[in-house]
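Student: Here the sequence shown stands for residues 3 to 290, where the numbers follow our numbering. Even glycine gets a Cβ: it sits at the ideal position worked out from N, Cα and C.
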Amino acid sequence: MSETPGKALPMGDGPPLHYRVLGEGPPLLLLHGFGCDGHSFDGLADRLKERFRVIIPDQRGHGQSAACAFPDVREATDPLDDLADDAVHLIDHAAGQPVVALGWSMGAAVLFSAVARHGQGRFAGLVVEDMAPRVARGPGWDLGLIGAGSPKETAAVAERMSEDWPQVVERMAPRVFADAETPMAKDLQCSMLDSDPEAMALLWHALATADFRETCSAIDIPVFLTRGAHSRLYPAETMDWLAARMANAQSRTYSQSGHAPHLEEPARFAADLAAFAERCVFGQDEPT
Numbered sequence: 003m004s005e006t007p008g009k010a011l012p013m014g015d016g017p018p019l020h021y022r023v024l025g026e027g028p029p030l031l032l033l034h035g036f037g038c039d040g041h042s043f044d045g046l047a048d049r050l051k052e053r054f055r056v057i058i059p060d061q062r063g064h065g066q067s068a069a070c071a072f073p074d075v076r077e078a079t080d081p082l083d084d085l086a087d088d089a090v091h092l093i094d095h096a097a098g099q100p101v102v103a104l105g106w107s108m109g110a111a112v113l114f115s116a117v118a119r120h121g122q123g124r125f126a127g128l129v130v131e132d133m134a135p136r137v138a139r140g141p142g143w144d145l146g147l148i149g150a151g152s153p154k155e156t157a158a159v160a161e162r163m164s165e166d167w168p169q170v171v172e173r174m175a176p177r178v179f180a181d182a183e184t185p186m187a188k189d190l191q192c193s194m195l196d197s198d199p200e201a202m203a204l205l206w207h208a209l210a211t212a213d214f215r216e217t218c219s220a221i222d223i224p225v226f227l228t229r230g231a232h233s234r235l236y237p238a239e240t241m242d243w244l245a246a247r248m249a250n251a252q253s254r255t256y257s258q259s260g261h262a263p264h265l266e267e268p269a270r271f272a273a274d275l276a277a278f279a280e281r282c283v284f285g286q287d288e289p290t
């Protein structure tokens, strides 16, 4: 086993993107959720690093990569494209072969964008953790974020993020978990405060207006769809919709979890992820 913390990926003339690599074996990329950082995967990585080379970035605008902002926060029009390009750049730099990639929440949207922009060739498989192909709701689509309105209404939340990010975080973190009083909510809240508020506002606007339904319907590599039975963010039918349209998808609901099964049921989630990843790489059996 090897561990290489604190690596820096050059990003042109700007600050580098920070990432870590733990363990050896087939590459496994973990992309965190909105406002979080790579440390949200620490427990998961500890369970997987004996069997995989786990690559964990702090995505642009988050955590140690907070200074790695978008080209111009005021003028950038689609920061999800930037995050997708970053992920592909990281795969080429740190993996050198197709990866199994887990996207938690926003991280899954980044993977959808990467597939839309660069195709499926860099991925041996995808793991989607409680995410919709479209966050906003509207006519003909009620499977987005619970409580969200139209793209315009949902994007309006971005202004509050820019003006008072700590207050937004205080309200947001407890909603991630089935038990809002869990100590994990406070830990998550502390890590989210390190993210750049302007970048978060820009990203939220992008998430509120993105629509990856067509992209998801065309994905035919192996996909493992996961969610918690007590998710406060997305309805169960969202995963059903994805499962019905992805040609090679399997799904699992975690009975004790909310939006973050990898944190709330870590042992089972890690075992399922390892089984799925090994099937993608070695053709072994699916999780049971």
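List the DSSP bridge partners of Ala10.
Tutor: His20
Student: So, at 8 Å on beta carbons, what are the nonlocal neighbours of Arg136 in its own chain, with the 5 sequence-adjacent residues on each side left out?
Tutor: Trp143, Leu145, Gly146, Ala212, Asp213, Phe214, Arg215
Student: Using the DSSP secondary-structure output, state which residues sit across from Phe125 in a beta bridge.
Tutor: Val101
Student: Short check: CB of Trp106 to CB of His34, under 8 Å?
Tutor: yes
Student: Does Leu227 come out as helix, strand or coil in the three-state DSSP assignment?
Tutor: strand
Student: Round the Cβ separation of Val117 and Thr217 to the nearest angstrom and send it over; I've been treating them as touching at under 8 Å.
Tutor: A Cβ-Cβ distance of about 6 Å is found for the pair Val117 and Thr217, placing them in contact under the 8 Å criterion.
Student: To the nearest angstrom, how far is the alpha carbon of Pro268 from that of Met133?
Tutor: 18 Å
Student: Taking a contact to mean a Cβ-Cβ separation below 8 Å, would you say Ile148 touches Tyr256 in this structure?
Tutor: no
Student: Out of curiosity, what's the CA-to-CA distance linking Gly25 and Ala220?
Tutor: 33 Å
Student: Applying the criterion that 16 or more other CB atoms from any shown protein chain within 10 Å of the CB defines a buried residue, is Cys70 buried or exposed?
Tutor: buried
Student: State the CB to CB distance for the pair Ser164 and Ala203, rounded to an integer number of angstroms; the pair is presumed to be in contact (CB under 8 Å).
Tutor: 4 Å
Student: Note down, in chain order, each residue of its chain lying with its Cβ closer than 7 Å to the Cβ of Ala251, except the 5 sequence neighbours on either side.
Tutor: Val225, Leu227, Leu244, Ala245
Student: Cα separation between Val56 and Phe125?
Tutor: Rounded to whole angstroms, Val56 to Phe125 spans 14 Å at the Cα level.
Student: Relative to the C-alpha of Ser193, which candidate in Gln66, Ala86, Val90, Leu30 has its C-alpha closest?
Tutor: Comparing alpha-carbon positions, the option among Gln66, Ala86, Val90, Leu30 lying closest to Ser193 turns out to be Gln66.
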